[in-house]
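Report on the following structure.
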Amino acid sequence: QVQLVESGGGLVQPGGSLRLSCAASGSIISINFMGWFRQAPGKEREFVARITNDGITNYADSVKGRFTISRDNAKNTVYLQMNSLKPEDTAVYSCYATKGATYWGQGTQVTVSS
């Protein structure tokens, strides 16, 4: 089992920045991918970004150039630095980890509004 705890969400004005963190614990050896999905009200969950053990990253087109995912293996933590935030980035952001099965965090709310 893998446990994931997110933090760092909140309210930010358009153009602002936030950094989300996702700390993994439990059976973390051999986790292949960690990353983020998000779900806005009334919309389906969508992929945001992921990072492999080797540091290879992938991003949704909607966040490329604005969001950066990184991984601190010593702390078993993944970060999502979000810059130039837009109102359409408002969503619940959920961290995930893939190790055979996929594990999810509880989610953290990000609201971009003036």
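Each step along the sequence shown adds one to the number in our numbering, with nothing skipped, and position 47 is 98.
All C-beta atoms in this analysis are idealised placements derived from N, C-alpha and C, irrespective of residue type, glycine included.
Burial state of residue i (16 or more Cβ within 10 Å)
| i | result |
| --- | --- |
| I80 | exposed |
| S145 | buried |
| T159 | buried |
| L62 | exposed |
| G156 | buried |
| A75 | buried |
| I107 | exposed |
| G60 | buried |
Beta-carbon contacts of residue i that lie in its chain and below 6 angstroms, excluding the five residues immediately before and after
| i | result |
| --- | --- |
| R122 | I102, V129 |
| D140 | V163 |
Residue i Cβ short of 8 angstroms to the ligand SAM heavy atom set
| i | result |
| --- | --- |
| D112 | The ligand SAM is not part of the structure shown, which contains no ligands of any sort. |
Delimiting residues of the beta strand (DSSP E) encompassing residue i
| i | result |
| --- | --- |
| D176 | Given that the chain is displayed from residue 52 to residue 165, the structure contains no residue 176 and the question cannot be resolved. |
| V99 | 97-103 |
| V161 | 159-163 |
| A152 | 152-155 |
| G61 | 61-63 |
| N109 | 108-110 |
| S113 | Looking at the DSSP string, S113 is not in any beta strand (DSSP E), and its letter there is neither H nor E. |
Sheet register partners of residue i (DSSP bridge)
| i | result |
| --- | --- |
| G77 | V53 |
| G66 | Answer is none; G66 lacks a bridge partner. |
| R122 | V129 |
Same chain, Cβ closer than 7 angstroms to residue i, five either side skipped, listed in chain order
| i | result |
| --- | --- |
| F88 | R96, E97, F98, V99, S145, Y147 |
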